[in-house]
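Protein chains in written order, with UniProt numbering: chain R, 1 to 331; chain P, 1 to 331.
We put the beta carbon where it would ideally sit given N, CA and C, even for glycine.
Structure record follows, encoded as structure tokens.
If you want it as structure tokens, here you go:
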């Protein structure tokens with residue numbers, strides 16, 4: 001294992017200390033794994049909390065700030081944070097308007113966020129939960145259901161922007177659920193990731209093999225295939241996504257071309273060009289897009305694509321100002 | 001070689017098409033490798049042009065926009081663009097106030113930008129050139145001199161911000177030279193990069209080996225060492241930089257923690273934390289910092305560190321608004 005880390009035991013807290021040093025707009029408790037806005041809670045605003053296992057940076061801590069999250073809770077690598085920490089973050093951001101939990105669909109996260117929500121309710125904090133399950137590589141209803149991946153960014157951005165307008169909890173939660181329902185993702189890997197604790201790749205790929213339909217926790221994909229062109233790879237990914245993407249009266253899409261950690265910008269932009277070409281050929285308009293490392297899987301080479309059908313309100317929420325370590329734009 | 005590309009011959013144009021699709025603020029001629037601001041030339045403003053071989057994305061095209069570059073010229077992977085293309089970009093951004101060429105110190109770039117500047121002069125366009133040579137892994141005066149790496153971003157940002165105020169060419173060029181003089185960089189690699197044309201790594205590293213003092217074109221470093229902690233690795237890098245960094249009356253520094261392409265955010269933030277700790281121990285204040293993939297070397301794992309001593313004017317120029325694909329912040 002070759003990584004720029006100190007020890008597997010300290011990697012999460014060390015990285016959080018690095019984030020704290022870099023970004024004065026967030027306040028970081030590196031040992032507890034809790035990141036909040038430095039300004040403290042926003043009076044009258046619905047609080048938005050997300051979190052999960054680490055190893056997906058900048059998700060979630062990089063999205064804490066005006067227009068997006070109020071708090072992020074970072075567990076150990078690929079392991080859900082404990083309910084107490086989620087509860088602390090929930091209490092820290094509740095200003096009386098209630099709190100939305102944005103939870104990726106993994107068993108541990110569902111369980112721990114669920115317990116934290118119950119405890120918060122006992123303490124008089126109203127919590128709504130939205131579960132993100134956008135990964136079409138998992139069949140609907142299979143096992144624990146579809147995994148949450150790239151759509152998490154869209155849910156956090158759009159629900160975050162709506163909360164910033166002072167919208168009530170039910171409305172913010174409804175938007176979060178709508179964004180998830182309108183989103184589909186699919187990933188391919190050119191290499192496995194290596195967790196610091198294991199020290200060896202989760203799976204092995206041959207020199208000319210890629211893994212089709214991977215998750216973001218080192219799970220193997222649905223099948224292996226021979227390495228092919230970016231054009232053919234993107235076609236496989238978009239076929240899987242479009243088969244399942246809601247039509248929504250031909251609304252345009254938000255697009256995320258997401259690097260899994262070890263794929264450089266030059267390749268992500270080649271992928272972006274192929275997505276443009278293929279979607280244009282199928283009459284789908286890309287209204288907004290992002291290209292970069294947003295929801296990583298440690299040092300995995302590869303990428304995920306996420307499409308989200310977006311109506312006019314969703315586009316406006318996308319365009320609303322955001323000021324976080326990893327997403328930043330003005331009005 | 002495992003890459004998300006179509007062919008080695010088309011990778012640069014394909015990636016530029018992806019950038020064009022993603023970023024409406026830039027105007028891209030993918031075949032010519034020329035990227036300009038979509039608004040066209042800015043009347044009365046000094047034009048700023050940079051460029052060089054591709055494989056370092058988002059450098060340079062990702063830095064075209066208000067507050068930074070007026071044009072970027074992308075050559076083939078790791079190969080300087082030809083003088084004619086540089087000349088086209090120079091003519092495209094000259095509004096009569098002259099043009100600054102920001103050139104990384106590599107033989108091909110020096111030669112080709114030099115020829116383009118002469119031709120521009122013949123056409124009545126006044127050109128000043130600043131050469132960026134910040135890499136302390138190369139001894140001063142050795143061979144072709146020090147390589148240009150991460151400081152290029154600082155030069156482009158600060159000279160870009162000054163040009164935006166309407167400052168004359170001589171002043172913008174003087175600032176660019178000052179930023180370069182105040183900057184020092186050093187890189188380490190955990191893996192080699194693989195150029196699409198070669199298809200095999202430029203050098204091979206053992207499972208526990210790292211390369212100390214690498215450049216951004218797959219050159220081997222000054223020496224090999226055994227993989228160690230992030231803390232020890234950062235200490236080696238900062239020792240090399242600080243030995244050569246101007247004191248500048250104890251002025252604070254700008255810091256760039258730059259990923260070389262295949263190193264994920266979690267590791268870059270661990271490095272950021274170690275830089276904070278070590279510099280604090282040596283009484284050096286980090287006034288501003290960036291963490292991410294800004295000056296990559298294709299799919300190389302590793303990072304570079306750049307420090308730049310910054311006076312009050314330089315900090316103000318850093319904070320000035322910038323609106324480019326890869327750096328974006330408001331006033």
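For residue i, three-class secondary structure by DSSP
i	result
residue 186/P	strand
residue 297/R	coil
residue 180/R	helix
residue 194/R	strand
residue 256/P	strand
residue 31/R	coil
residue 104/P	strand
residue 122/P	helix
residue 220/P	coil
residue 212/P	strand
residue 325/R	coil
residue 250/R	helix
residue 394/P	Nothing can be reported for residue 394/P, as the shown portion of chain P is limited to 1 through 331.
residue 284/R	coil
residue 199/R	coil
residue 66/R	strand
residue 277/P	helix
residue 226/R	strand
residue 128/R	strand
residue 233/P	helix
residue 168/R	coil
residue 90/R	helix
residue 311/R	coil
residue 24/R	coil
residue 74/R	strand
Burial state of residue i (16 or more Cβ within 10 Å)
i	result
residue 17/R	buried
residue 321/R	exposed
residue 200/R	exposed
residue 228/R	exposed
residue 285/R	exposed
residue 139/P	exposed
residue 96/R	exposed
residue 260/R	buried
residue 83/R	buried
residue 196/R	buried
residue 43/R	exposed
residue 118/P	exposed
residue 24/R	exposed
residue 111/R	exposed
residue 282/P	exposed
residue 310/R	buried
residue 94/R	buried
residue 14/P	buried
residue 98/P	buried
Min CB distance residue i to chain B below 8 Å
i	result
residue 211/R	Absent from the structure: chain B. Protein chains present are R and P.
Nearest-angstrom Cβ-Cβ length linking residue i and residue j, presumed shorter than 8 Å
i	j	result
residue 172/P	residue 151/P	Actually they are not in contact, since the Cβ atoms of residue 172/P and residue 151/P sit about 16 Å apart, beyond 8 Å.
residue 296/R	residue 64/R	At roughly 17 Å, the Cβ-Cβ gap does not stay under 8 Å, so residue 296/R and residue 64/R are not in contact.
residue 184/P	residue 245/P	5 Å
residue 161/R	residue 327/R	Wrong, their Cβ atoms sit about 11 Å apart, outside the cutoff.
residue 144/P	residue 105/P	7 Å
residue 306/R	residue 109/R	About 19 Å separates the two Cβ atoms, so there is no contact after all.
residue 38/R	residue 26/R	6 Å
residue 287/P	residue 252/P	4 Å
Any non-hydrogen atom of the ligand SAM closer than 7 Å to residue i Cβ
i	result
residue 280/P	Of ligands this structure carries none, so the ligand SAM is not represented either.
Same chain, Cβ closer than 7 Å to residue i, neighbours up to 5 away in sequence not counted
i	result
residue 271/R	230, 234, 257, 303
residue 269/R	291
residue 62/P	324, 325, 326
residue 85/P	32, 33, 34, 73
Own chain partners of residue i with C-beta closer than 6 Å, once the 5 adjacent residues on each side are dropped
i	result
residue 164/R	67
residue 1/P	194, 199
residue 213/R	137, 221, 222
residue 215/P	147
residue 131/R	103, 105
Residues near residue i by beta carbon distance below 8 Å, same chain, minus five either side
i	result
residue 224/R	205, 209, 210, 211, 212
residue 179/R	151, 154, 155, 158, 159, 308, 314
residue 169/P	46, 97, 98, 99, 100, 126, 128
Do the segment 1-8 of chain P and the segment 238-255 of chain R meet, that is, are 3 or more Cβ pairs less than 8 Å apart? no
Three-pair Cβ contact test at 8 Å for the segment 174-194 of chain P versus the segment 205-213 of chain P: yes
The segment 300-308 of chain R touching the segment 20-38 of chain P, judged by at least three CB pairs closer than 8 Å: no
Inspect the CB distances between the segment 18-28 of chain P and the segment 47-55 of chain R and report whether three or more fall short of 8 Å. no
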